[in-house]
Every structure is written in C-alpha cells, then in structure tokens.
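The listed protein sequences correspond, in order, to chains A and B. The opening residue of the first sequence carries number 1 in the UniProt record's numbering; numbering runs sequentially from there. The opening residue of the second sequence carries number 1 in the UniProt record's numbering; numbering runs sequentially from there. Worksheet: one structure, shown below.
There are 2 protein chains.
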Amino acid sequence: MIRVAIVGYGNLGRGVEKAIKKNSDMSLIGIFTRRKPETVSSEGSPVFPMAELMNKKEDIDVCILCGGSATDLPEQTPKLTQWFNTVDSFDTHAKIPEHFLAVDKIAKEHQKTSIISVGWDPGLFSLNRLIAKSILPQGETLTFWGKGVSQGHSDALRRVSGVADAVQYTIPNDEIIERLKAGEKLELTARDKHVRECFVVLEEGADQEKIKNEIIEMPNYFSDYDTTVHFISQKTLESEHKQGMPHGGKVLRVGETSEGMKQVYDFSLDLQSNPEFTASVIVAYARACVRLADEKVYGAQTVFDVAPKYLTQLSDDVLRKDYL
Amino acid sequence: MIRVAIVGYGNLGRGVEKAIKKNSDMSLIGIFTRRKPETVSSEGSPVFPMAELMNKKEDIDVCILCGGSATDLPEQTPKLTQWFNTVDSFDTHAKIPEHFLAVDKIAKEHQKTSIISVGWDPGLFSLNRLIAKSILPQGETLTFWGKGVSQGHSDALRRVSGVADAVQYTIPNDEIIERLKAGEKLELTARDKHVRECFVVLEEGADQEKIKNEIIEMPNYFSDYDTTVHFISQKTLESEHKQGMPHGGKVLRVGETSEGMKQVYDFSLDLQSNPEFTASVIVAYARACVRLADEKVYGAQTVFDVAPKYLTQLSDDVLRKDYL
C-alpha cells in the first residue's frame, strides 16, 4: 500500500481524499491542517494538526500538498521535501522554473522525490502541448479553457453597482475551433478564443439596461469579448450556477506533415468538478512519485519527466498485453 | 544531428522520409530496400540495397523499420537490433508481448535500445488509454476508429458479383459518443460503436437493388452494422475516395470521481494521411530511442516506458518555462 498524507484541506484536499478511495493500492494516513482539527469535517479520514506531521514521518510514503500557489506552496514544498516525497499543484506558470529549482535542490540533498505542478493545466495539458508539438513540428497549438467559472471575472461583475451577485463563465469559441480544425490559418489573441457568459442577480430597483451596458463595455474584462448577460434570481443562481465547479478545456494542434496534408490533434476535458479531477491527476502522480523514489530517482520532476507506466498499479506485462 | 536510416519503403517509409525533413535535429542517411534501388523513386533521399545497411553501421544512430507486422517486423526487429537502435510500428496487438520479449532479449545482450509498436494505435491511443484509466480508476474507456477506409471491408465489397470497385469507410457512431459523454451507461459491442459507409461502382448491367441488399445483409462484415451504400462512377471513386489515406479516431473515458460527479477525457485525431501521421509519431520516438541509448537505457521499450521529455529537442529548462 502507498501511504499518503494530505497537507491542507480545501477543495483540492477534499478531492484528494475522495480520489484515494478510488485507488485500491493507496491508504490515507491522515489530513494535516493549520486549522484546529476539531473544526475540520473530513469525509471520515483522521484529521491532525500540522505539527503532528513530523511525528508520523515513518508512516508516510508521500505528502500531497494541497495549499495555494500564491503563498503556501512556494514555502511548503521545499520545506516538506526535506523529510517527505511530495507532490504539489503549483500553478503560477511564470514562477515554475524558480519553484522547480528550489525544490530540486532540497530534494537532491535529502534524497527525496518531488513532482511539482501536477493537475490538468499545468499537467495533462502541458503533456499534450509537448507531445503534439514533438509529433507535428510544423503547426500551431492552441489551448482553450472552459466551459468554466472564472473567479476574477465573477468578482468584477459583483463590483458593478446595482449587482447583488453574479457568476461568469469563460467558454471556448466553438466557431474559431471549427475553423482551425478545418485548416484555416488565423491570427488569434486570447480574446478571440473565448466568449464570456454572465449570470447576474440585480439589487432591488437597479437599472437593468444600464448595468448590462456597463458590463459589456467594462475594459480588460469584457469590452473586447463577445459577452452575453443574463439576469436571473438569486435562487436560480444558487441552484444552477453555484453547485459543483465545472471546468474543462482543450489543447488543439493543427499541423501539416507535408504540403497541404492536415493533421488534427485534439485533447479535451469536460469536468463536472475541477478540484476533484485535479486531485485525481495528482493522486496518480503521487503513485509515480513513490515508485520513482523507490528507484532512487531523486530531485524535482514534472509531468514531462515521468514515464506513463509509473502512473498505474498495473504491471508492465499487463500494460503491454491489454493497453498497447 | 540524429542520423536515421529508413528500412523498407512503402507508404510508411515515405511518410518517415517526409517527417525527418520537418525535424531540424535529424538527418536521413538513406533508405534501405529489398527492391533494386534504381526502381525506387524516393523524394530526393539516397536509396541503397538492404545489404548496404551493415556497411553504414557507424553512420547510423537509429533504424526506423517500416516493414509490415505480418512477416517483416517479427524477423527484422530482433535481427537488426543486434547492431542498431531500432523503432518499429508492430501492430498485431495479440502478438506484442511475444515480439517485445524477442526484441528485449537481443537489445539487452547487445546494449541497444528498441522502441516497439509506435504509432497512433498502438501508440498515442495506448498512452491515452493508460493515462485516462490511471487518473479515473472508476469509469469506462472506449476506443473509436475512423473516419477511415477499412481495407478488409473494401475488399469484401469488391468480391460481390456485379461490383467493379468500391471503398468502405468505418465511421464512429456520433450518437453513441454523445450519449456516453452525457453519462449514459451503455453496454456496447464493437458493432454498436461504428457505422459503415460504402461507395460502390457497378459493373455494366448489374442489378443495383440486388447488390445493395447483398451488401447490407453480408454476415460478419455488414449485417450487424448500420450500413449505407452509395452507387457512384469509377471517376468519382478515383477522385473523391482514392486520394490520400484519411483516418483518425478517439479514446474516450467517462469516469466518476465521486457519486454522480462525471469527468470526460477525450483524445481525438483527425488525420488526412494515416501513414504520414504514424510516421511523424515514429520519428519523435526515434529521437527518444537515441537519447535513451545515450543514457544506456537498453532493452525493448514501449510508449509506456518513455518519459515525454525525450520526444522533443527542447531542453528541460525550456519545457518547464514554456510548455508547463
């Protein structure tokens, strides 16, 4: 059995707890939190104060770090990698090289293995961007995100005077995707690739037309996009737009293998729960982390460094027989 | 530069010749054929008789074996792996374990690296079946093939008395795919997953209705499928259905990460040229083969054993900075 600790228990940690239950070769030693354990209601797994983590050192094969990328992981991943094999989902793209170097140094010094920036983007999408480009050197790769809720854009809506509550979905522009797949060469900015759909609850007496215009014309957020605004009740917002955390997206590469010979590579995810799926990816890579550590492959790794066979509990023989 | 030899020069070998031109770190030493070299017209690359291969041993980093799976590769891959790093596209699924063992033994004895069964299925599709299953342990994976020409079914049409020529397309059943993505649990046989479309040229005086019924009711090939038959002229068949070799398909996994929480993983290819795309995959893995040999990772490998970073000429630093 692979013995796992969850460090940090928000949406992602909760997803990891569920994912471990789906993997018969894994057991959860516990959830470690900075909050008071008695205030944390897990789904049946033991909850410990963070300080307890070191006492359970010998019982843990890998720590899955479920903190945030802004402040938690830059500190936690290097620190905990002194004592544990670790997996994190560090997703501040611009700071990944720096984070990698910090973790790699510690991991090599202490003979530990750490896989950083795991999830679907960064993660599976990164993998597909690399594979698609390697196979089709001539071509263009585009990443689309959604349909999913954008927290930043939802916040921008809620700051509009007269808006009581709101949710904003980022949606890939299907027309653009179809034209790309058909082989059209398009010069696209991020703004051409997505449309924005807003579900807005008004405060009593607010001016619907005025608010709609204010949203559609809001610079940076909406003015350059094809934006739709729907006015709905708070009840509908709660029941239809605040349940679950759907997301998804697509890595599309359209390449040519010879003059005019078009090849379309399309990797798509459609997720009812973003944190649960991210957690499921992380748990598969936690298995890889432990197996790599067993093989003394120490240091920081990313999804690019991990051979796919390490993700599964199936033997190499079974893989060749049933999966190839 | 990675110095490559192409062994065997049919559609696949021709695709490899084109793919090498798209990869700036590769040079083609030559095409090696059992035919008389003067009868082979390459796209500008030197053509040598097979016997010349051994004389060029010191000039070659990897041989890409482009023979057939039925008789060529079971003999050629083990034999040539005595002297060369090799990549093949052995695709007789049932015999892969046996082929792997034969090649692995030779490769280890002679300190060579061989990546077998590379392409898109087996190959990229295998990779996605494995990754999808590892991430979503609870769920179901289905592979769909097409739209593409099935040689066996086209042959069956041509054997019908009164048929002058014909082409048959296997087409994934889109309705089934949409129902699966929507989360329906379906018990499917191979036959539910695809529909068949036939383009038939009649001999003069042939009875169209009779032939149509004979096709639709043909056991094994058509009777259990939703089959459409179009009668067209030889000229249309030549111009619209015998140019290029389109193919493609889809690996679809619909899984649940918790009760009722559906996650859809979809990897799709839409290829205007099946052999050119297969060749492009093989060329990327030929790069991996040489890099693994440089790291003394000897023996037979499959796509499951190869970390994605080996497929590209980009450095690990660039990958982390720009692709993660």
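Ideal placement from N, C-alpha and C gives every residue a C-beta, glycine not left out. In this text the structure is predicted, and so the values were computed from the model without any measurement.
Integer-rounded CB distance, given that residue j should sit under 8 Å from residue i
i, j, result
"B/F231", "B/V200", "5 Å"
"B/Q82", "B/I106", "6 Å"
"A/W120", "A/F277", "6 Å"
"B/E17", "B/S41", "Not a contact, Cβ separation roughly 11 Å."
"A/E114", "A/G123", "Going by the sequence as given, residue 114 of chain A is Ser instead of Glu. A/S114 to A/G123, Cβ: 15 Å. No contact."
"A/F267", "B/F267", "5 Å"
"B/L130", "A/Y323", "5 Å"
"A/V87", "A/V103", "No, A/V87 and A/V103 are not in contact; Cβ-Cβ is about 11 Å, not under 8 Å."
"B/T302", "A/R3", "B/T302 to A/R3, Cβ: 30 Å. No contact."
"B/P246", "B/Q272", "5 Å"
"A/F32", "B/K309", "Contact flag wrong, Cβ pair sits at about 32 Å."
"A/Y285", "A/L269", "Not a contact, Cβ separation roughly 16 Å."
"A/I171", "A/K193", "Not really, about 10 Å apart at Cβ, beyond 8 Å."
Exposure of residue i, with buried meaning 16 or more beta-carbon neighbours within 10 Å
i, result
"B/N85", "buried"
"B/R34", "exposed"
"B/N274", "buried"
"B/E240", "exposed"
"A/L188", "exposed"
"B/V318", "exposed"
"A/A132", "buried"
"B/P137", "buried"
"B/S161", "exposed"
"B/A300", "buried"
"B/I248", "Here residue 248 of chain B turns out to be Gly, not Ile, going by the sequence shown. B/G248 should be labelled buried."
"A/D294", "exposed"
"B/T236", "exposed"
"A/A279", "buried"
Chain A residues whose Cβ lies nearer than 9 Å to that of residue i
i, result
"B/F222", "By Cβ distance, chain A contributes nothing, its closest Cβ being about 29 Å from B/F222, past 9 Å."
"B/Q138", "K22"
"B/G15", "T257 and S258"
Top-ranked residue by Cα proximity to residue i, from the options
i, options, result
"A/Q243", "A/S41, A/V254, A/F90 and A/V167", "A/V167"
"B/M1", "B/E204, B/I29 and B/I282", "B/I29"
"B/Q111", "B/T312, B/C289, B/E256 and B/G123", "B/C289"
"A/Q263", "A/V195, A/G183, A/S233 and A/A307", "A/G183"
"B/L101", "B/V118, B/P78 and B/G123", "B/P78"
"B/F125", "B/L252, B/T312 and B/V297", "B/L252"
"A/T228", "A/E259, A/A206, A/G260 and A/V195", "A/V195"
"B/P49", "B/I171, B/Y9 and B/E17", "B/Y9"
"A/A5", "A/V47, A/N11 and A/E43", "A/V47"
"A/N11", "A/S24, A/C66 and A/D59", "A/C66"
"A/R159", "A/E295, A/I211 and A/M245", "A/I211"
"A/L80", "A/A70, A/K57 and A/A94", "A/K57"
"A/T143", "A/R14, A/V254 and A/L314", "A/V254"
"A/Q234", "A/E295, A/D165, A/S154 and A/K108", "A/D165"
"B/R14", "B/I282, B/N173 and B/A70", "B/I282"
"B/D25", "B/R291, B/V306 and B/A307", "B/R291"
"B/T141", "B/L180, B/E214 and B/D316", "B/L180"
"B/Q151", "B/Y298, B/Y169, B/T71 and B/V163", "B/Y169"
"A/S315", "B/E197, B/S134, B/S69 and B/S27", "B/S134"
"A/M218", "A/M54, A/I64, A/Y285 and A/S154", "A/S154"
"B/L202", "B/K36, B/I215, B/K193 and B/T92", "B/I215"
Where residue i meets chain B, residues with beta-carbon distance less than 9 Å
i, result
"A/F144", "Here the premise fails: no neighbours, minimum Cβ distance about 13 Å."
"A/S117", "R320 and L324"
Interface partners of residue i on chain B, CB under 7 Å
i, result
"A/V281", "I135"
"A/D305", "A307 and K309"
"A/A284", "S134 and I135"
"A/P122", "L324"
Residue i beta carbon near the ligand GTP (any heavy atom closer than 6 Å)
i, result
"B/S89", "Absence of the ligand GTP from the depicted structure is noted, as is the absence of any ligand whatsoever, leaving it without description."
Neighbouring residues, chain A, relative to residue i (Cβ below 7 Å)
i, result
"B/S315", "Under the 7 Å cutoff, chain A gives no residues; its nearest Cβ is about 11 Å from B/S315."
"B/Y323", "S126, R129 and L130"
"B/S114", "Going along chain A, no residue has its Cβ under 7 Å from B/S114, so there is no contact; the nearest lies around 14 Å."
Contacts that residue i makes with chain B (C-beta to C-beta distance below 8 Å)
i, result
"A/Q263", "L269, D270, L271, Q272, S273, E276, F277 and S280"
"A/A19", "T257"
"A/T312", "L130, K133 and S134"
"A/H93", "L324"
"A/P97", "D317, R320 and K321"
Residues that residue i contacts on chain A, provided the C-beta gap is smaller than 8 Å
i, result
"B/K181", "D270"
"B/D319", "Contrary to the premise, residue 319 of chain B reads as Leu rather than Asp in this sequence. What B/L319 touches in chain A: L130, T302 and F304."
"B/D104", "Under the 8 Å cutoff, chain A gives no residues; its nearest Cβ is about 10 Å from B/D104."
Below-7 Å beta-carbon distance, residue i vs any chain C residue
i, result
"A/S42", "Absence of chain C from the displayed structure is noted, the protein chains being A and B."
*What are the uninterrupted segments assigned as beta strand (DSSP E) that are 3 or more residues long and contained completely in the stretch 107 to 182 of chain B, given in chain order?*
113 to 115, 139 to 145 and 163 to 172
_For a minimum of 3 consecutive residues, which ranges assigned as the beta strand (DSSP E) are wholly contained in the stretch 274 to 320 of chain A?_
299 to 301
*Could you pull out every unbroken beta strand (DSSP E) segment of at least 3 residues lying fully inside the stretch 180 to 246 of chain B, listed in chain order?*
194 to 202 and 227 to 231
*Can you list, in chain order, the stretches of the beta strand (DSSP E) that have 3 or more residues and sit fully within the stretch 16 to 66 of chain B?*
26 to 33, 47 to 49 and 62 to 65
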